[in-house]
Amino acid sequence: MGSRSRGGCGSSLLIPLLFLLLFLLPNLNHSSVVVSAAAGRDEPYVGVTIGTAVTNLLSPSDLAAFLRAQRITRVRLYDADPRLLSALASSGVRAIVGVPNDELLALGSSPATASAWVARRVLPFAGVNSTTPNIISAIAVGDEVPTALPSALPVLLPAIQSLAAALAAANLSSIPVSTPLPFSVVLDPFPPSQAFFNQSLAKSFLLQLLAHLANTSAPLMLNLYPYYSLMQSKGVIPLDNALFRPLPPSLEMVDPNTLLHYTNVFDAMLDAVHVAVKNLNATSVPMLVTETGWPSYGDRKTEPYATKDNADAYNSNLIKHVMEDKPGTPMQPGAQASVFIYELFNEDLRSGPISEANWGLFYGNGTPVYLLHVSGAGGFLANDTTDRTFCVAADDADEKAVQAAMDWACGPGRSDCTAIQPGERCYEPNDVRSHASYAFDAYYQSQGRAAGSCYFQGAGMVTTIDPSHDSCIFPGSKLLSNVTRSGGSNTTAQTSDAEGSAIWRLRTGRGKGFLLFLRLLLSIAVVIVTDSNFWT
806 MGSRSRGGCG SSLLIPLLFL LLFLLPNLNH SSVVVSAAAG RDEPYVGVTI
856 GTAVTNLLSP SDLAAFLRAQ RITRVRLYDA DPRLLSALAS SGVRAIVGVP
906 NDELLALGSS PATASAWVAR RVLPFAGVNS TTPNIISAIA VGDEVPTALP
956 SALPVLLPAI QSLAAALAAA NLSSIPVSTP LPFSVVLDPF PPSQAFFNQS
1006 LAKSFLLQLL AHLANTSAPL MLNLYPYYSL MQSKGVIPLD NALFRPLPPS
1056 LEMVDPNTLL HYTNVFDAML DAVHVAVKNL NATSVPMLVT ETGWPSYGDR
1106 KTEPYATKDN ADAYNSNLIK HVMEDKPGTP MQPGAQASVF IYELFNEDLR
1156 SGPISEANWG LFYGNGTPVY LLHVSGAGGF LANDTTDRTF CVAADDADEK
1206 AVQAAMDWAC GPGRSDCTAI QPGERCYEPN DVRSHASYAF DAYYQSQGRA
1256 AGSCYFQGAG MVTTIDPSHD SCIFPGSKLL SNVTRSGGSN TTAQTSDAEG
1306 SAIWRLRTGR GKGFLLFLRL LLSIAVVIVT DSNFWT
């Protein structure tokens, strides 16, 4: 998001009332209204967005290794940082690169500047010859400009057109150029059959944009957040409907004009956009969801739905919806849009409501914020993150509390703490948190990873990242069976991981910033959001 702030405008009472009417409609038999989708689309995919307002953000090389280990092959970046793109060259990742809102004036005012931007930021990473990597999949020009920076609207389309012309001149017209729009540009979005664009915006900008996208085979980029639809519906939308959970037919949303049933808010939002586009005679434009997600934490009074369980449910079910079910929408069956989950890491440096810093699938140190349930989701992840978990010392726990919990685990808790004694394989690094993490995991695994066995009065936390490093193999690690002891020394027979896991280095951000080698087993989830009205 250009300003990358979420929240939303107030909505009128009319929309909640319409929702209430649609939920109360009887369960009627219906036939689908089929609208032809754009031909030749690739298989739908799920990617993640990567923001950088993160304390101790991973280095570009570490980030590339992290993405590779997690089997993330699609990312959206909010700029076109050559250092990160260079690091991604060997990771197999395709990236949407962004033009920040504050660069629109320069690019929209000068085709020469746009050509120079393409030459500097795109050509080295666009596979123009056998020596250059092919990383860039699309260019997102600005972000939510109609709401984030409306004064830049006059130069937005010229910037898009100049960049597209520069790409064509370099024989790279296969790289589409578009701009992510907030859902708030759609008015009266439910029922979807009566949705339309803001009329003044349609005349001044959207008609020309859609014509350009159709002519260049570029997608209409959208930031969609069912979370905000739920928040602003005043209780009319059932939580389960926003989370892709099944509802009885009598509780499903029904469009009274088409009699189509909507089992989730996400599909209803897509169909609302589809109708709005169709009303402007641009039905052939495909859609790409450049942001969506759910916050895992927020203010308990004002953001009660921002919880880890809900974030897990939304992102896990979204991944399954796109990667496995591939249903399309009620109006466009089979035409499943690809999506980018907002976002990879919690951006703890972001200001605003509490939830603003809690949209990530991972903390900045690579530890999962929560465990996704995505086993078998088309290879998006290496495996189901609930299959193997570990217990480690919580980053924010007081060191005295960590010490006391370790003393209990190694004493009354009867954990085998031999490995963290002087001279043993897990003695280094010799600090409280490292030793406690081993002791906590020993107890956690001895209890069969039972619920509550990693609490330690708040000093422990569950992670899906294997904390093993060097010859120190944690009790829950699948490498444990490869560790042999000989004359007081320990060696680890490590073999290549057929599932694509990788050993990589993370910055811990503590004390001397010591480096740990972590083995990733997998986990992920994520999200996005946008300023808008009721449906944003």
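Each residue of the sequence shown is one higher than the one before, counting from 806 in our numbering.
Glycine included, each C-beta is placed from N, C-alpha and C at the ideal position.
Rounded C-alpha distance that separates residue i from residue j
i     : j     : result
G1265 : K1131 : 38 angstroms
A1000 : D1201 : 46 angstroms
G1253 : S1220 : 13 angstroms
V1179 : P985  : 27 angstroms
A1016 : N1120 : 33 angstroms
D1246 : I1270 : 12 angstroms
S1251 : D1236 : 23 angstroms
D1117 : A917  : 46 angstroms
M1211 : E1229 : 17 angstroms
C1277 : A1244 : 12 angstroms
E848  : C1231 : 45 angstroms
A1198 : F1261 : 9 angstroms
N861  : L1154 : 10 angstroms
F1195 : R879  : 27 angstroms
S866  : L1149 : 16 angstroms
A1077 : M1026 : 14 angstroms
V927  : A1214 : 54 angstroms
R925  : S935  : 18 angstroms
Y883  : G856  : 7 angstroms
L1052 : R881  : 33 angstroms
L1065 : P1138 : 12 angstroms
V1207 : S1156 : 30 angstroms
L1176 : N976  : 43 angstroms
T937  : S891  : 10 angstroms
S776  : S1282 : Residue coverage of the chain in this structure runs from 806 to 1341, which leaves residue 776 outside it and unanswerable.
P1061 : P1054 : 15 angstroms
A921  : S915  : 10 angstroms
P1109 : E1096 : 22 angstroms
S998  : A1087 : 16 angstroms
L958  : K1205 : 55 angstroms
V923  : P887  : 12 angstroms
L1056 : V1041 : 11 angstroms
Paired residues, beta bridge with residue i - DSSP
i     : result
R879  : R899
C1277 : H1274
S983  : A945
Y1260 : According to DSSP, which records beta bridges pairwise, Y1260 is partnered with nothing at all.
H1066 : V1059
A931  : N939
V991  : F1002
V1343 : Here the chain comprises residues numbered 806 to 1341, so residue 1343 is not present and cannot be evaluated.
Supposed close pair residue i, residue j - CB separation, criterion 8 angstroms
i     : j     : result
E949  : P987  : 4 angstroms
P1043 : M1074 : Not a contact, Cβ separation roughly 16 angstroms.
F871  : G1171 : 6 angstroms
L1123 : V1144 : 7 angstroms
A900  : L968  : Not quite, the Cβ-Cβ distance comes to about 16 angstroms (not below 8 angstroms), so this is no contact.
I941  : A894  : Wrong, their Cβ atoms sit about 11 angstroms apart, outside the cutoff.
L912  : A964  : 4 angstroms
S1022 : G1103 : Incorrect: roughly 39 angstroms between the Cβ atoms, too far for contact.
L1029 : F1071 : 7 angstroms
A869  : S896  : 4 angstroms
A943  : S983  : 7 angstroms
L1093 : P1024 : 4 angstroms
Boundaries of the alpha helix (DSSP H) in which residue i is found, first to last residue
i     : result
A969  : 958 to 974
T918  : 916 to 926
T1021 : 1012 to 1021
F1195 : It is not in any alpha helix (DSSP H) - F1195 instead sits in the beta strand (DSSP E) that spans 1195 to 1198.
V1237 : 1237 to 1251
T1268 : Careful: T1268 lies outside any alpha helix (DSSP H), inside the beta strand (DSSP E) at 1265 to 1268.
V1207 : 1204 to 1215
K1083 : 1070 to 1083
F871  : 865 to 874
N1046 : 1044 to 1047
L893  : 887 to 893
A1087 : Per DSSP, A1087 belongs to no alpha helix (DSSP H) and is neither H nor E.
Y1232 : No alpha helix (DSSP H) holds Y1232; DSSP gives it neither H nor E.
S1034 : 1031 to 1037
P951  : 950 to 953
Host beta strand (DSSP E) of residue i (start-end)
i     : result
N1028 : 1025 to 1028
S942  : 941 to 946
E1096 : 1092 to 1097
V851  : 851 to 855
- prompt: Taking only runs of the alpha helix (DSSP H) that begin and end inside the stretch 1111 to 1172, which ones reach a length of at least 4 residues, in chain order?
  reply: 1113 to 1125
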